[in-house]
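Novice: Residue numbers (this note's numbering): 3 to 397.
What follows is a single structure, and I will ask about it in a moment.
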């Protein structure tokens, strides 16, 4: 191949011999039982020509995400702002001694993926400005920022968790990848590591921005029918969602319920005056305030069925017989129905699995609801694949 590597031969099961550890040397054409298949799918030269670049494209996606994490950690989007700057100009505003060559190479890749726009300066140097995508990585502005999401997903605790995925799928781990990598379940870890917890909660609030037109709209959630009732957002974090609902529907009494450390971090600091903040534990029925409607957005997806059922049972104790639970989460397609537009939902299913949770099909939602004494009254589809509205009533 021009690089001094020995020729790559195809083994009988379609793997390249040099990267097929289980098959080993192919001198005798033997294939190990670990990779043996009764009916191999052998590609034509034309199929190889299109499939190989696609595989490489999939495998190299983390190159981009690590570069993205790097520029976010260094504050590069804030430094650039609405200007067009060279790497030395950017580096001059980064504390410490920046490796300018490494930064340049990161930014050139990100320019190819739409984060920056690259141009040439008078002396032939690279200049960079932000694209609209890159502008979303600025922080401290009167617009949403996804920098917290990049940090949350790419910081070492989460990144290390993904490296445990193969062993988890192979059945070699009895704990979710995040817990195996970090020695604690994800929310216990955030309790003990506030720097990670702060980023997580900031991301959840930023994530809610795009979903507010859905969840705070009577078109998808029938808030008008709940006039004069009390709605409790279980796992409501900073109270952002209930604040938007209370603004649109002032006849509702809105509460945001979360762990004491979460409530303590926000009380008196940006909390909506129209939302009562309540501290407690959603696994403890006695700590959930009484109300008419329980609202949970992106909560049950963080837990396997056993724990999710416990949460629903605790919520059941807080509402009357005619009360409702409104769940906002993805609904995965049934077998054979998955399409390209479901990709994001399946990505979040993988993320949920990594921390110990799961996304669910309609049938799995029905089974979960039944296990806690509920039934599905209605599922309302919305334009956002991660934001389907599931209404539960007591069975």
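All C-beta atoms, glycine included, are put in the ideal place defined by N, C-alpha and C.
Note down, one range per segment and in chain order, each beta strand (DSSP E) of at least 3 residues found wholly within the stretch 275-342.
Specialist: 277-281, 295-299 and 326-331
Novice: Tell me, please, which residues DSSP counts as bridged to residue 211.
Specialist: Looking at the DSSP assignment, residue 211 forms no beta bridge with any residue, so it has no partner.
Novice: Quick one, which of 125, 119 and 124 has its alpha-carbon nearest residue 132's?
Specialist: For the residues 125, 119 and 124, the minimum Cα distance to residue 132 belongs to 119.
Novice: So residue 246 and residue 214 are supposed to be a Cβ contact under 8 angstroms. How far apart are they, rounded?
Specialist: 5 angstroms
Novice: How do the stretch 140-153 and the stretch 66-86 stand: do at least 3 beta-carbon pairs fall below 8 angstroms, yes or no?
Specialist: yes
Novice: In the DSSP output, which residue or residues are listed as bridge partners for residue 72?
Specialist: According to DSSP, residue 72 bridges with nothing at all.
Novice: Give the DSSP bridge partners of residue 390, in chain order.
Specialist: 331
Novice: Under three-state DSSP, which class holds residue 370?
Specialist: helix
Novice: Residues bridged to residue 121 by DSSP?
Specialist: DSSP output for residue 121 lists 129 as bridge partner(s).
Novice: Starting from the Cα of residue 72, find the closest Cα among 227, 45, 100 and 251 and give me that residue.
Specialist: Measuring from the Cα of residue 72, the nearest candidate turns out to be 100.
Novice: Between residue 277 and chain B, is there a C-beta pair that is closer than 8 angstroms?
Specialist: Chain labels in this structure do not include chain B; a single protein chain is all it has.
Novice: Figure out for me which residue from 278, 375, 222 and 349 has the closest Cα to the Cα of residue 235.
Specialist: 278
Novice: Please report the straight-line C-alpha distance between residue 318 and residue 396, rounded to a whole angstrom.
Specialist: 8 angstroms
Novice: Mapping DSSP to helix, strand and coil, what is residue 86?
Specialist: Assignment of residue 86 by DSSP, reduced to helix, strand and coil, places it in the coil class.
Novice: My parser needs the alpha helix (DSSP H) runs of 4 or more residues fully inside the stretch 93-180; what are they?
Specialist: 102-114, 134-137, 149-156, 158-164 and 167-171
Novice: Consider the C-beta atom of residue 176 and the heavy atoms of the ligand NAP; say whether any pair is separated by less than 7 angstroms.
Specialist: Because no ligand of any kind appears in the structure shown, any question about the ligand NAP cannot be addressed here.
Novice: Run the CB neighbour count on residue 349, radius 10 Å, all protein chains shown included, and call it buried at 16 or more, exposed below.
Specialist: exposed
Novice: Anyone know if the C-beta pair for residue 178 and residue 358 falls short of 8 angstroms?
Specialist: yes
Novice: Using a threshold of 8 angstroms, state whether the C-beta atoms of residue 328 and residue 391 are closer than that.
Specialist: Yes, the pair counts as a contact, with Cβ atoms nearer than the cut-off.
Novice: Between which two residues does the alpha helix (DSSP H) containing residue 356 stretch?
Specialist: Annotation: the continuous alpha helix (DSSP H) that includes residue 356 extends over 345-357.
Novice: Ordered along the chain, which non-local residues of its own chain (more than five positions away) have a Cβ less than 6 angstroms from that of residue 129?
Specialist: Closer than 6 angstroms at the Cβ level, and outside the excluded window around residue 129, lie 86, 88, 121 and 123.
Novice: Among 144, 311 and 301, which has the Cα closest to the Cα of residue 351?
Specialist: Selected option, being the one with the closest Cα: 301.
Novice: Measuring straight from C-alpha to C-alpha, what distance separates residue 308 and residue 376?
Specialist: 15 angstroms
Novice: Between the stretch 366-374 and the stretch 184-199, can you find at least three pairs of beta-carbon atoms closer than 8 angstroms?
Specialist: no
Novice: For residue 396, which beta-bridge partners are listed by DSSP?
Specialist: Paired residues: 376.
Novice: Determine the direct distance from the alpha carbon of residue 63 to that of residue 28, and round the result to whole angstroms.
Specialist: Residue placement at residue 28 cannot be trusted, given a pLDDT of 42 that sits under 50; what the coordinates show is reported in the next sentence. Approximately 31 angstroms, taken between the alpha carbons.
Novice: Taking the beta carbon of residue 240 as the centre, do at least 16 other beta carbons fall within 10 Å, making it buried, or is it exposed?
Specialist: buried
Novice: Going by C-alpha to C-alpha distance, which of 110, 43 and 367 sits closest to residue 336?
Specialist: Here the closest residue by C-alpha is 367.
Novice: Indicate the three-state DSSP secondary structure (helix, strand or coil) for residue 219 in the structure shown.
Specialist: Residue state, collapsed to three classes: coil.
Novice: Quick one, are the C-beta atoms of residue 168 and residue 191 less than 8 angstroms apart?
Specialist: no
Novice: Determine the contact status of residue 356 and residue 334, defining contact as a CB-CB distance below 8 angstroms.
Specialist: no
Novice: Would a C-beta distance cut-off of 8 angstroms place residue 216 and residue 209 closer than the cut-off?
Specialist: no
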